[in-house]
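S.K.:
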Amino acid sequence: MFPLARRALGLSARGIQHTVRRQAHRKLEPDFHDKYGNLVLISGVAFAIGTWAYACIQLPIAWNFSPVGRLTPKEWRED
């Protein structure tokens with residue numbers, strides 16, 4: 888049983904060493920996404936909302952509401 892426990896401790900120690908080594912190779916300075924990621928996301932959302940607001944308010948869109956009850960048929964003509 889002792890070798891099994893020693894092996895389990897060795898595996899966990901290796902895992903910790905691996906994690907420490909992996910974190911040591913992290914970048915030291917922020918990249919483009921770290922610097923401007925939220926700004927780009929917010930500006931994209933603002934652009935989309937502005938575009939949809941303009942399209943819904945300013946453009947002459949025919950909304951195709953139902954004409955039921957507003958139109959009356961023409962009189963039938965016999966030729």
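Sequential numbering of the sequence shown, starting at 888, is according to my numbering. In this text, a Cβ means the ideal position worked out from N, Cα and C, and glycines have one as well.
1. Measuring only from the beta carbon, is I929 closer than 6 Å to any heavy atom that is part of the ligand ATP?
2. Given this structure, state the Cα-to-Cα distance separating W963 from F952, to the nearest angstrom.
3. CA-CA distance, D921 and S930?
M.R.: Working from what's here:
1. Absent from the structure shown: the ligand ATP. Ligands present: none.
2. Distance between the alpha carbons of W963 and F952: 26 Å.
3. One alpha carbon belongs to D921, the other to S930, and they sit about 16 Å apart.
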